[in-house]
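Chains as they are written, first to last, in the working numbering: chain A, 3 to 203; chain B, 56 to 248.
Below you can see the structure in the form of structure tokens.
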């Protein structure tokens, strides 16, 4: 059997935003010399390729998605569970139909709640090339994102001739920032349109 | 020129202390936990596009698309002479813009394809969804069968390479059509008797 051209890195995840989440799902695949981001929208698939030689940076930012989902699922879970426990404790011979109904109802909310917490903290992942900054919706869990990053880091480093030592990054960033500051128009004043964002060190 | 990395939340430029760290570190400006991995391509200068040299000597080979520009190489697709402006390098090969467009639209250069229609999913959806209102399957089952057979050899998804959906759609459609056939035969025999 021939070797598959692409290896799955992540399962399909909903895109952020309610409309997008309903319409399309995104997954990430590993190709020979690139990452393939597949957006499936019903009966079509849209592909975006990010070649290892072009990837400049990955940024992971912790998000509150897990906490929000927890609250959304906790609100119906708690009353259902409380009701179920009340029936079980208060009635010597509980109504079996009611208990089964409530147990199913509780599990409908409790199971996703459990899975949401087992999958770990959430994040948003942005991939940067020379001409774009793309969000990678399928890397929405920190643990998974780190795992994927650990897998593709050596491939990117190999395609770009090695990794950048951490001590060099700061120096070169500072040089870059100074160049940017010099090339910024003189009329651009901090706080006004066209002014560079505040720099932080 | 590359612009510095910005914090996705507050848009502040990140300069040092947050790059290639093993854990999330707070953004020095807004405090949001982030992890930024930088690769050598970030520091690579962006090469300016080439304009193409003008033909200086009469009789010198010139670009097919720009006769006043000097040809630098032939197109690997059609063999036309190209100037530096028209020379599009892709995966180690050199194409003219027309060949690149043709390759993209006709799917000849697979790495340029950015969209595919999932005919197998259409066929399967036509076989499954109408089951909710089963009498629709009288019409949709033959359509599903037609789509599955007509597009059997059509390019499938780049990543899901099996024909399982096609097979499932054909099986379901045939079952539905058999069911309708049996129903009509039964009704006909009842009508006769």
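Note that the Cβ used here is the ideal one computed from N, Cα and C, for glycine as well. The model shown is predicted, which means the values in this text are computed figures rather than measured ones.
| Check | Outcome |
| --- | --- |
| Segment limits, alpha helix (DSSP H) that includes residue 234 (chain B) | 219-247 |
| Stretch pair the segment 147-160 of chain A + the segment 91-107 of chain B: three plus CB contacts closer than 8 Å | yes |
| Within chain A, the residues that residue 63 (chain B) reaches when beta carbons sit closer than 8 Å | 61, 63, 126, 128 |
| Terminal residues of the beta strand (DSSP E) in which residue 64 (chain A) lies | 59-64 |
| Within chain A, partners of residue 185 (chain B) - CB distance below 7 Å | Result: empty, since nearest Cβ-Cβ is about 16 Å, beyond 7 Å. |
| Own chain, CB closer than 7 Å to residue 206 (chain B), minus 5 neighbours either side, in chain order | 174 |
| Rounded straight-line distance, which links the Cα of residue 135 (chain B) to that of residue 107 (chain B) | 16 Å |
| Contact with chain B by residue 102 (chain A), beta-carbon distance below 7 Å | no |
| Same chain, Cβ closer than 7 Å to residue 151 (chain A), neighbours up to 5 away in sequence not counted | 60 |
| Within chain A, the residues that residue 249 (chain B) reaches when beta carbons sit closer than 8 Å | Lying outside 56 to 248, the shown extent of chain B, residue 249 (chain B) is not represented and no answer is given. |
| Under 9 Å from the C-beta of residue 134 (chain A): neighbouring residues of chain B | Per Cβ cutoff of 9 Å: no residues; residue 134 (chain A) is ~12 Å from chain B at best. |
| Cβ shell of residue 2 (chain A) (< 8 Å), same chain only, five flanking positions each side left out | Nothing in the structure corresponds to residue 2 (chain A), since chain A is present only between 3 and 203. |
| Residue 149 (chain A): first and last residue of the uninterrupted alpha helix (DSSP H) it sits in | 144-162 |
| Same chain, Cβ closer than 8 Å to residue 118 (chain A), neighbours up to 5 away in sequence not counted | 68, 71, 72, 75 |
| Backbone secondary structure at residue 109 (chain B) - three-state DSSP | strand |
| Straight-line gap, residue 193 (chain A) to residue 156 (chain B) (C-alpha atoms, nearest Å) | Any reading at residue 193 (chain A) must be qualified, since the residue scores a pLDDT of 44, below 50, and its modelled position is unreliable; the value itself is stated next. Each residue's Cα considered, the two are about 44 Å apart. |
| Best match in B:208, B:132, B:64 for proximity to residue 87 (chain B) [C-alpha to C-alpha] | B:64 |
| Spatial distance of residue 110 (chain A) from residue 77 (chain A) (CA atoms) | 13 Å |
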